[in-house]
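When we follow this note's numbering, the leftmost residue of the sequence shown carries the number 30, and every step to the right adds one. These notes concern the structure reproduced below.
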Amino acid sequence: MSVTLLAGSATASVAVATETPAAATVAPTAPVENLIVGYKSSATEASSNTAAADDATAKGKKAGKKAKFDRRLGTGAALVNLGGATAPADAANVMAQFRADPDVAYVEPDTRAYAMAVTPNDTEYAKQWDLFESTAGMNVPGAWDTTTGSGVTVAVIDTGYVAHSDVAPNIVAGYDFISTSSEARDGNGRDSNPADEGDWNATDGECGVGSKASTSSWHGTHVAGTIAAATNNSKGVAGIAYGAKIQPVRVLGKCGGATSDIVDAITWASGGSVAGVPANATPAKVINMSLGGSGTCGTSYQNAINAAVARGTTVVVAAGNSNANASGFSPASCNNVINVASTNRAGERSYYSNFGTIIDIAAPGGETRRATDTPGTVTTPENAILSTLNAGTTTPGAESYKPYQGTSMAAPHVAGLAALLKSAKSSLTPAQIEAAIKANARPLPGTCTGGCGAGIADAAATVAAVTSTTPPTGGFENTTDVAIGDNTTVESSITVSGVTGNAPATLKVGVNIVHSYIGDLKVDLVAPDGTVYTVHNRSGGSTDNINQVYTVNASSEVANGTWKLRVNDNAGGDTGKIDSWNLTF
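Encoded structure:
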């Protein structure tokens, strides 16, 4: 539903190029939300929004439907809102009222166009089950018709980036935050070159008791490819948000990385200031951290994350690979992050993935071997996550592709989805992005002992939810406008009947509020017995409007009765209205 109403203002009239008879309009064959009405240049409604608004209301009443003037198109035509998805026959009745008016040049339904998306021609795409398989894939291709992540930068805080032609087109300037030259292996401390110099260990015990010798992982490049590898380039793999940009931020070198360096990287990547480091010219709206260690979230991590989120950056972290409760690992246990567990190709929790009540969502992380196979072996590479890599065992060699497993691979799936959402609807806050991903997840088809959050992230469903103006079916809705004044509390009611038993644990609350500063607002769902569930609490700052579906655990409430949406405005200078809201049981 549109949030702009221009009633009372006047716009310059744009003459209709060809004033064909209004009766020539073809009747709609699908539900219609809006009509486009072109008035003849001699009509008052062609130049007066007030007249157009009055005309829309009158014609809607004659047809027995709600119709209101929405806005003026660039051509001078009027956009008329029908109050939601309207059956073709009902929309045709409203159109008939316009066609009968000699001042109307034409009227037509505001139909939809779709991108002509096709299967990517990337040569390894068929192996990317994690993107498209119906059992445990993330349903990414269905989102590409709407968004590919254009205009969004994703910071990959990791080992840096080793040159790869399948990622290079989407790389923007990053930074190397490793302070110690021996760990950085580039001969100096921090610098503007985030190139991955390799994170190999030559001998056992080199990085502490119990550490093992290993080759370079090129971990950051693998993560980057999952998020935004170039797509439809007849090469390699497809990225989830292939229209987005990757900002490599290097914090992991030999023997891992220091918290102090990672904290500075979070600050810089999100647009904050770090002493001695030039300002970030392209701050990231999404941060991916496929890293972590044991211990609960420290104050340093939490402060940096809180500041990043306050700047509007969504922070995605890996849950960890210890088959343990994620509450004992950091930054997985920090607040204000999207904590991601890993699932395998069967849609079960990967045998290594951390779990727990602090998990927000699950995503494909794959398995290069079964839990019962010998550790260190690769027995099922086809069931892991294929992405961009390098063949060098220590220093960089030839570019390559390789399957990896881990919550490190699951997190970038969600970071890519966050980029798709931010691109599709730039006003979304980090909290709204997280809520949308969780609300539109689907249940794991397999098992998850210990807790895997809201389910498997579903890209197509989530993108559709944040971009749709059509209320969900099978529910109850109130479309009556309720004005929200400064420093006032208002309510809108929905009476539910005919529903057996209690409300579900996943009650969907669709909220469409038009307001110029949502940081002023507290939004509560009030159950029939008076129990209050807060769905929005003065977050979002100066962002316009709330158009969000929230999930509320209302399983203790009897479904039937009068539910209320209560909105409190707690500041002056900005007003708005409850445009509509709905409940889906």
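Positions of the beta carbon are idealized from the N, C-alpha and C atoms, including for glycine.
Classified as buried, Val581 has 16 or more neighbouring CB atoms from the shown chains inside 10 Å of its CB. Pairing His565 with Thr417 gives a Cβ-Cβ distance that is not under 9 Å. Between the alpha carbons of Ala259 and Leu446 lies a distance of about 16 Å. Looking at the backbone, the Cα of Cys363 and that of Val345 are separated by about 11 Å.
Going by beta carbons, Ala444 and Asn599 fall outside the 9 Å limit.
Following the DSSP letters along the chain, one finds Thr518 in no alpha helix (DSSP H) but inside the beta strand (DSSP E) bounded by residues 518 to 525. In this chain, the alpha helix (DSSP H) harbouring Pro170 covers 170 to 173.
Judged by beta-carbon spacing, Gly282 lies beyond the 9 Å limit of Glu377, meaning their Cβ atoms are not closer than that value. Rounded to the nearest whole angstrom, the C-alpha separation of Asp139 and Leu457 is 25 Å. Around the C-beta of Ser584, fewer than 16 other C-beta atoms lie within 10 Å, and the residue is accordingly described as exposed. In this structure Ala448 touches Ala273 by the C-beta definition: roughly 4 Å separates them, less than 8 Å. When the beta-carbon positions are compared, Ile200 and Pro307 stay at least 9 Å from each other. For the 9 Å CB-CB criterion, Ala489 and Ala59 do not form a contact.
Cβ neighbours of Gly327 within its own chain (closer than 8 Å, five residues either side excluded): Thr288, Ser359. As computed with DSSP, Gln577 is found in a beta bridge with Val540. Under the 8 Å Cβ criterion, the segment 460 to 476 does not count as touching the segment 402 to 414, having fewer than three qualifying pairs.
Within a 10 Å sphere around the beta-carbon of Val561 sit fewer than 16 other beta-carbons, which makes this residue exposed. Distance from the CA of Val552 to the CA of Gly321, rounded to the nearest whole angstrom, comes to 35 Å. Scanning the segment 91 to 132 for uninterrupted alpha helix (DSSP H) segments of 4 residues or longer gives 117 to 128, listed from N- to C-terminal end.
Check the Cα spacing between Leu612 and each of Val538, Ala353, Val555: the tightest is with Val538. Taking each of Pro425, Ala253, Gly421, Ile542 in turn and checking the Cα distance to Ala439, the smallest one comes out for Ala253.
Taking C-beta atoms under 8 Å as the contact rule, Trp592 and Leu554 qualify, at a distance of about 7 Å. A distance of 9 Å or more separates the beta carbons of Ala121 and Tyr68.
Proximity of the segment 94 to 112 to the segment 122 to 129 meets the contact definition, three or more beta-carbon pairs being nearer than 8 Å. Residue pairing by DSSP places Asn368 opposite Val346 in a beta bridge.
Sixteen is the threshold: when 16 or more other Cβ atoms of the shown chains lie within 10 Å of the Cβ of Asp608, as they do, the residue is buried. Asp187 has its alpha-carbon roughly 12 Å from the corresponding atom of Glu226.
Residue environment for Ala534: exposed (fewer than 16 other C-beta atoms within 10 angstroms of its C-beta).
Between Ile334 and Asn368, the C-beta spacing is not below 9 Å.
In this structure, Trp247 sits away from Gly530, with a CB-CB distance that is not shorter than 9 Å. Our two residues, Lys88 and Val587, have alpha carbons roughly 40 Å apart in a direct line. With a beta-carbon spacing of about 7 Å, Thr325 and Gly357 fall inside the 8 Å limit used to define contacts. Assignment of Lys88 by DSSP, reduced to helix, strand and coil, places it in the helix class. For Glu411 and Glu153, the gap between their C-alpha atoms comes out near 12 Å. Assigned with DSSP and collapsed to three states, His193 falls in coil, not helix or strand. Between the alpha carbons of Lys241 and Asp233 lies a gap of roughly 4 Å.
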